Amino acid sequence: MAKRRGKRSRRQRRILNPHRKIQQVIEGADFINSMPDEIHREIQQVIEGADFINSMPDEILNHILSFIPIDLAIRTSVLSRRWRHAWCELPCLHLRTTAKGIDQTLLSYRRLKIMSFKLCVTHEVTEPQFNSWVEFAMSRNVGELSLTGLLFCFETYGFPDCFYLSSSLRQLNLVGFDMRPGCTVSWNFLRRLTLSCCSLYDESIANILSGSPNLETLQLFYCDGLLKRLDLSKSPSLSALEIYGWSQRSGQMEIVAPHIHYLNLKNSDVGPCTLVDVSSLADAILRIGLNRYRPFMAGFQQYADVLQTMVLKMLAKLQNVERLTFRGGYLLQILSLAMLCGVRLPKLKVQTLTVQTNFARSVIPSIARLLQNSPGLKNLEVHATYVSYIEDADLDEYLRISHGLDSDTCWRSKHEVFPTHETLRFMSDCNGAKMRLLGSFLRLVLRNAKRLEKIVVWLGDSYFSDEQMERLLMVVGTLSPNNNVSIEFK
């Protein structure tokens, strides 16, 4: 009983002595009134309109809801009458659920114009089901469309004709489809087309390109098919081409792209793409892989000549580019091998050169020659990192068997300070050795690039103390024939 009386007593004190609470309110009011007029008005507006979110226009509410997943946006319908149908007017609809969930969502959706529609099938669906979803998007004049169909329960799928007849599409992203239009394509306002893991054919790609007169960017990621010639000569608006991991079932694919200004070519196999015409190219990024011809699988000797021919032909088509990027060690190693075998590299008009590489001796000859053959080079960017590479033993064996050359003499004649890849692995934890190697590389750059204005080196995981970096810069500065060159480390 004592505890209960005690509690009641405290409650009574709170009720019978309200002057303390009133005084706090008065003091708080005085504090607010003492604020500047502008801040006071803003606070007063918040106080008077506590439910300010509900008072927002539909466009702002839709914009807010577009940043959360659609299932969470749908749940907001239980908050109040104002929110009950707010999600039904979202300008962007991104669906990743079951067929039943997709049907229920589309049944309640009311907006007549969809800015962005993304659909990723996570369960097996039927062709009529997927057709109905595509037809829904096209009927709402979708501007950006993204469809992923890797998990269909049927082997091939043909889009309905309405998919290929759209005056609203601006961007299209397709993953996992067999691209064979059954009608004449009409995408008059399409600007960007991205095809990933799709099957392409000469007739179909010609139909798509002719029906997309305003296409500006074409991206082909890990596609295959029977496409032998990618002819972009009749697409004057197309300025950017990106091809990753092309796997060609019928041999090489020729690229005719006289209008493109930007090319990003990443091959996962040797020689699937041949550059025929890239005469307007200004910016090129190149990377080749050896997925199918790795030395330990088929023997490097068998494919060394094919590799050199491919890389040299590609480089010859890039003589007029202003910005050139080499990613990975394979390409630089192959160029070094060709040089040691007496092949002359073409002159380049490159102003900015970017290389992603390590500082092993098998990449150094090609880097030195690229610098020498680029008299207008002003900027060099080096990403010092681990890269895949051809084993030094395979390179040495090729030089000895195919050309009768002594590998030690070839590699060490000018670049003996640079280690093999095997030795480089043991230097990964030795900052002192890595700093000396970096200094040797910078000295080589400054000797071979006479008009260079700026060098940027990305060190990756390497770490040097401030004292080591200052000492390195002092040494490099004394060796530079051009004291105006700027060197940055990132």
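Residue numbers (the numbering used here): 285 to 774. All C-beta atoms in this analysis are idealised placements derived from N, C-alpha and C, irrespective of residue type, glycine included. Nothing here was measured: the structure is a model prediction, and the numbers come from that model.
Within 10 angstroms of its Cβ, does Lys512 collect 16 or more other Cβ (buried), or is it exposed? Counted from its first residue, the sequence shown places residue 512 at position 228. Exposed, because fewer than 16 other Cβ atoms sit within 10 Å of the Cβ of Lys512.
Please go through the region 417 to 477 and give each complete alpha helix (DSSP H) segment of 4 or more residues, from N-terminal end onward. none
Decide yes or no for the touch test of the region 600 to 609 against the region 617 to 636: beta carbon pairs closer than 8 Å, at least 3 of them. yes
Within its chain, find whatever has a CB closer than 6 Å to the CB of Gln752; leave out the 5 residues flanking it on each side and keep chain order. The residue you call residue 752 lines up with position 468 of the sequence shown. Answer for Gln752: Met719, listed in chain order.
Would you mind stating whether Leu522 and Ile544 have Cβ atoms separated by less than 9 Å? Counting from 1 along the sequence shown, the entry for residue 522 is found at position 238. Counting from 1 along the sequence shown, the entry for residue 544 is found at position 260. Their beta carbons are under 9 Å apart, which means Leu522 touches Ile544 by this criterion.
Going by beta carbon distance, what residues of the same chain come within less than 7 Å of Leu474, once the five residues before and after it are set aside? For the purposes of this step, residue 474 is identified with residue 190 of the sequence shown, where counting begins at 1. Closer than 7 Å at Cβ, skipping near neighbours: Leu453, Arg454, Leu456, Ser496, Asn498, Leu499.
When DSSP builds the beta bridges, which residues end up paired with Asp567? For the purposes of this step, residue 567 is taken as residue 283 along the sequence shown, with counting starting at 1. The partner list for Asp567 (beta bridge, DSSP) reads Tyr546, Arg607.
Which residues in the same chain as Glu526 place their Cβ atom closer than 6 Å to its Cβ, once the five residues preceding and following it in sequence are excluded? Residue mapping note: residue 526 aligns to position 242 of the sequence shown, counting from 1. Same-chain partners within the cutoff: Gln503, Asn548.
Grouping DSSP H, G and I as helix and E and B as strand, with all else coil, what is Lys738? Taking the sequence shown and counting its residues from 1, one reaches residue 738 at position 454. Strand at Lys738.
Name the two residues that bound the continuous beta strand (DSSP E) containing Asp561. Here residue 561 refers to the residue found at position 277 when the sequence shown is read from its first residue. Unbroken beta strand (DSSP E) run through Asp561: 557 to 561.
Are Leu619 and Leu629 closer than 9 Å when you measure CB to CB? Walking along the sequence shown from the start, residue 619 turns up at place 335. Walking along the sequence shown from the start, residue 629 turns up at place 345. Closer than 9 Å, so yes.
One question on the structure: do Tyr673 and Leu621 come within less than 9 Å of each other, judged by their Cβ atoms? Here residue 673 corresponds to residue number 389 of the sequence shown, with the count starting at 1. Here residue 621 corresponds to residue number 337 of the sequence shown, with the count starting at 1. Not a contact, by the Cβ cut-off of 9 Å.
Three or more beta-carbon pairs under 8 Å between the region 559 to 567 and the region 656 to 674, yes or no? no
Considering just the uninterrupted stretch of the alpha helix (DSSP H) at Tyr587, what are its terminal residues? The residue labelled residue 587 in the question sits at position 303 within the sequence shown. Note, Tyr587: alpha helix (DSSP H), 584 to 600.
Three-state secondary structure assigned by DSSP to Asp515: If you number the sequence shown from 1, residue 515 lands on position 231. Residue state, collapsed to three classes: strand.
From Thr410 to Thr382, what distance separates their C-alpha atoms? As a working mapping, residue 410 is identified with position 126 in the sequence shown. As a working mapping, residue 382 is identified with position 98 in the sequence shown. Those two C-alpha atoms are separated by around 12 Å.
Could you name the residues of the same chain whose beta carbon sits closer than 6 Å to that of Ala524, not counting the 5 residues immediately before and after it, in chain order? For the purposes of this step, residue 524 is taken as residue 240 along the sequence shown, with counting starting at 1. These residues qualify, in order along the chain: Thr501, Tyr546.
Measure the CB-CB distance between Arg653 and Met623 and report whether it falls below 9 Å. Within the sequence shown, residue 653 is the residue found at index 369, counting from 1. Within the sequence shown, residue 623 is the residue found at index 339, counting from 1. Result yes, Cβ atoms of Arg653 and Met623 sit closer than 9 Å.
Who does Asp508 pair with in a DSSP beta bridge? Reading the sequence shown from its first residue, position 224 is the one you call residue 508. Ser483.
Where Arg571 falls, given that 16 or more other Cβ within 10 Å makes a residue buried: For this step, residue 571 is matched to residue 287 along the sequence shown. Classification of Arg571: buried, given that the 10 Å Cβ count is 16 or more.
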